[in-house]
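Visitor: The structure follows.
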């Protein structure tokens with residue numbers, strides 16, 4: 004059952020990211036991360052044995068999101084505004100979706116590198132954090 008929840012949550016995150024322009028999925032720090040314009044905006048992580056989705060949020064809103072929506076500061080990157088939601092229990096999917104869209108918009112407005120077009124995106128495969136292409 005737990006493996007199914009992890010798979011479903013990761014597939015949900017991939018579907019949500021697929022509809023956003025210029026998103027690339029890479030394996031970094033041992034788990035799937037999602038980038039736009041060279042900036043990481045989301046990740047699927049297992050922390051203390053529990054699956055979670057982490058999203059880059061506005062640091063000024065982080066405390067509000069934690070206090071009012073049951074999210075938690077993402078380990079290691081929480082000081083930069085990242086928030087996470089456990090996905091092995093009923094999760095705030097609409098909120099995560101909204102945070103993803105907001106993170107995408109902010110990152111796309113300030114890319115570290117050019118954002119690939121939709122046709123370029125579809126021809127790329129998933130890369131590891133060391134730049135090697137994964138099957």
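In this note's numbering, the protein residues as written are 4 to 138. Where is the CB? At the ideal position from N, CA and C, for every residue including glycine.
If you measure between the beta carbons of residue 53 and residue 89, is that distance less than 8 angstroms?
Guide: One-based indexing of the chain shown puts residue 53 at position 50. One-based indexing of the chain shown puts residue 89 at position 86. The criterion of a C-beta distance shorter than 8 angstroms is satisfied by residue 53 and residue 89.
Visitor: Pick from 98, 59, 103, 95: whose alpha carbon is nearest that of residue 82?
Guide: In the chain shown, the residue the question calls residue 82 occupies position 79. Ranking the options by Cα distance to residue 82, first place goes to 59.
Visitor: For residue 62 and residue 49, I'd like the C-alpha separation in whole angstroms.
Guide: Here the question's residue 62 lines up with position 59 in the chain shown. Here the question's residue 49 lines up with position 46 in the chain shown. Computed Cα separation, rounded: 23 angstroms.
Visitor: Taking the continuous alpha helix (DSSP H) assigned at residue 110, which residues delimit it?
Guide: Sequence index remark: in the chain shown, residue 110 carries index 107 (1-based). 96-112 is the extent of the alpha helix (DSSP H) around residue 110.
Visitor: Quick one: what's got a C-beta closer than 8 angstroms to residue 4's C-beta in the same chain, skipping five residues either side?
Guide: Translated into the one-based positions of the chain shown, residue 4 becomes position 1. At residue 4 the pLDDT is 38, less than 50, meaning the model places this residue with poor confidence; the figure from the coordinates comes in the next sentence. None.
Visitor: Report yes if the CB atom of residue 103 is closer than 8 angstroms to the CB atom of residue 86, and no otherwise.
Guide: As a position in the chain shown, residue 103 is number 100, starting the count at 1. As a position in the chain shown, residue 86 is number 83, starting the count at 1. No, they are not a contact pair.
Visitor: Counting along the chain, where does the alpha helix (DSSP H) carrying residue 69 start and finish?
Guide: Residue numbering aside, residue 69 sits at position 66 when the chain shown is read from its first letter. Under the DSSP assignment, residue 69 falls in the alpha helix (DSSP H) whose first and last residues are 62-72.
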